[in-house]
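As structure tokens, the structure follows; a few thoughts come after it.
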Amino acid sequence: MKKITVNGPAKLSGEVTVSGSKNAALPIIFATLITEGISELRRLPDIGDVRVALDIIRSFGAEVLSMDGVTYIDTRRLSYCQPSEEQTAKIRASTYLLGACLSRFGRCRLSSFGGCNFALRPIDMHIDACLALGAEMREGEIFAQRLLGSEITFKKQSVGATVNAILLAVSAEGESVIRGFATEPHIDALIDFLLSAGASIERTEDEMRIVGRRLHGGKATVIGDMIEAGTYLSVALATGGKVRVRDCPFVDMSSFFKTLTAFGAENRMSGNVFSTSLRGRGEYISVTALPYPGFPTDLQPIIAPLMAIGSGGDITDTVWHTRFGYLDTLSDFGIRSELSGNRARIYPSKISPAKVTAPDLRGGAACLISALAAEGQSEIYSAEIILRGYENLTEKLRALGADINIQEF
Ligand code: UD1
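Counting with the numbering used here, you get residues 219 to 627 for the letters of the sequence shown.
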């Protein structure tokens with residue numbers, strides 16, 4: 219177990235560079251299982267979820283070598299195995315084994331897929347995509363002697379089910395047409411990787427046409443992490459500091475920037491550096507988490523401490539209706555809120571230090587922001603949950619002037 223100790227308040231200032239995106243890196247790592255060759259991945263973030271994903275693909279025989287900022291993944295000699303439940307239960311992205319294993323080995327055992335427990339996270343649409351392309355389910359295992367191109371129309375946008383549908387279609391015989399898919403930037407990043415590996419994918423606004431082919435090794439430079447960028451910008455505003463975020467993927471973050479502007483932040487963009495600061499008290503803001511290009515559900519917990527420091531606000535989450543468990547933990551920092559259905563009202567509050575356990579990855583990041591803004595010492599237990607998604611978190615915050623330490627115990 220890890221514990222983060224913060225001595226606040228910190229007025230953070232300086233520059234921080236955004237790492238590669240967790241949500242873009244993970245589908246690409248699992249997609250390498252479908253290729254036969256050596257893939258070259260750049261800007262892979264060194265975070266808990268990526269390490270687990272690499273361990274899982276190693277269990278199939280993938281050879282992974284990292285050198286000079288490039289991760290080489292050799293998938294020429296793979297054989298099917300059952301990855302340990304202990305590993306798959308750690309990360310949500312292990313659901314991508316469905317598409318990757320059916321494509322490469324024609325089978326996949328349904329095991330416990332992990333991730334943050336902020337809601338029941340169904341996989342019915344993932345399974346439907348497998349069945350649509352000719353797979354069959356038997357005793358907790360899913361098989362496909364041949365995957366056949368087909369039409370898939372999703373009833374709602376799901377990042378995970380879209381990733382799996384693509385992973386299946388790129389190796390199915392003939393053409394598949396996918397509609398109703400998620401349009402997050404990490405979906406495009408996966409498509410770019412698969413194209414570099416020889417896939418045939420045509421994507422318009424509302425339709426993807428994919429013709430199955432044998433894939434060779436591919437190349438990718440992982441896109442910048444918009445959630446990490448949003449976290450550091452929120453840290454700057456919550457602590458009354460001024461932080462420049464380098465390699466900020468601002469094209470992907472327009473809904474977040476609109477919210478910062480409504481809050482009263484002064485935002486500046488120069489080249490690929492985005493900076494923000496706040497004079498006076500933040501305004502009341504309303505946020506509705508929606509599929510991309512709407513406000514990201516992953517950033518809604520992170521914006522909550524800002525609302526409390528400012529004039530309050532309200533958050534509606536249409537992606538995960540129950541993603542508000544973190545508010546209980548934030549109440550230990552003095553953040554007052556009221557929940558009604560999938561809408562939370564956050565009241566202006568005096569933030570005080572607290573000893574808490576990180577409730578989940580992004581809820582844990584919200585605790586960290588609160589700890590940095592509070593006057594006195596805070597402790598966040600189960601900090602490894604936060605480190606699942608943030609590369610060099612304590613080092614980056616320390617470089618911005620935070621008094622922060624991490625201990626193993
Ligand atoms: C979602 C986010 C993603 C974020 C992640 C973790 C969206 C569209 N996706 O991804 O950006 O990184 O949460 O916070 O914002 N659903 C079903 N059946 C399924 C799969 C999903 O009903 O088989 C529903 C879910 O209950 C949820 C919605 O679809 O209401 C979106 O889920 P999905 O995009 O699959 O979640 P993740 O891929 O985990």
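Quick reminder that beta carbons are idealized off the backbone N, C-alpha and C, glycines included.
Nearest candidate by alpha-carbon position, reference residue i, set the options
i    : options                : result
T304 : A271, P467, R322, I291 : A small fix is needed here, since residue 304 is Glu in this sequence, not Thr. The shortest C-alpha separation from E304 is found at A271.
Q482 : S452, P467, C466, G489 : Looking at the sequence provided, one finds Gly at residue 482 rather than Gln. Closest option to G482, Cα to Cα, is S452.
G559 : I291, I533, L579       : I533
A311 : T293, G332, D292       : G332
L320 : L230, A562, P509, L349 : L349
M628 : A507, T506, V461, A480 : The shown model of the chain, from 219 to 627, leaves out residue 628, and the question about it has no answer.
P571 : L508, A562, C585       : C585
G442 : M426, P467, E613       : P467
E484 : F475, T494, K476, N490 : T494
L251 : I291, T306, Q375       : I291
G233 : A447, S600, L478, S302 : The question names Gly, but residue 233 is Glu in the sequence shown. Nearest of A447, S600, L478, S302 to E233, Cα basis: A447.
F411 : I247, S231, R269, T235 : I247
P577 : A562, D546, R554, L283 : D546
M471 : Q518, Y450, T479, F513 : F513
E391 : A362, I569, A242, R497 : A362
V395 : A407, L408, H404, E423 : E423
S302 : R322, D273, G287       : D273
A228 : S549, G458, E602       : G458
N610 : G266, T253, S257, P245 : G266
S231 : T575, A562, L455, P566 : L455
L496 : G489, V505, N490, T479 : T479
I256 : V282, C334, T449, K374 : V282
D342 : T313, E425, R269       : T313
T575 : S567, R561, A601, R554 : A601
T477 : K374, G489, F492, V505 : V505
K374 : K437, P340, I275       : P340
Short Cβ contact (7 angstroms threshold) for residue i with residue j
i    : j    : result
G531 : R499 : no
A620 : L590 : yes
S596 : P523 : no
L365 : G378 : no
S239 : V440 : yes
E393 : G367 : yes
R295 : G317 : no
E593 : G226 : yes
Q300 : R327 : yes
A583 : V537 : no
T289 : L262 : yes
E556 : K220 : no
A242 : A407 : yes
R580 : P519 : yes
G552 : I564 : no
I222 : I624 : yes
D516 : V236 : no
S376 : A400 : yes
A307 : S330 : yes
I598 : T612 : no
I428 : V388 : yes
R397 : T371 : yes
Heavy atom of the ligand UD1 within 6 angstroms of residue i beta-carbon
i    : result
M343 : yes
A454 : no
D292 : no
S376 : yes
P509 : yes
V268 : no
N241 : yes
V537 : yes
L470 : For the sequence presented, residue 470 should be read as Asp rather than Leu. Every heavy atom of the ligand UD1 is 6 angstroms or more from the Cβ of D470, so no.
P340 : yes
T534 : no
A400 : yes
D578 : no
D443 : no
A379 : yes
T515 : yes
Contact between the stretch 384-392 and the stretch 419-429: three or more CB pairs below 8 angstroms? yes
Kindly confirm or deny that the stretch 407-416 and the stretch 425-443 touch, where touching means at least three C-beta pairs closer than 8 angstroms. Flag = yes, the stretch 407-416 and the stretch 425-443 touch.
Can you find at least 3 beta carbon pairs, one from the stretch 534-543 and one from the stretch 603-612, that sit closer than 8 angstroms? no
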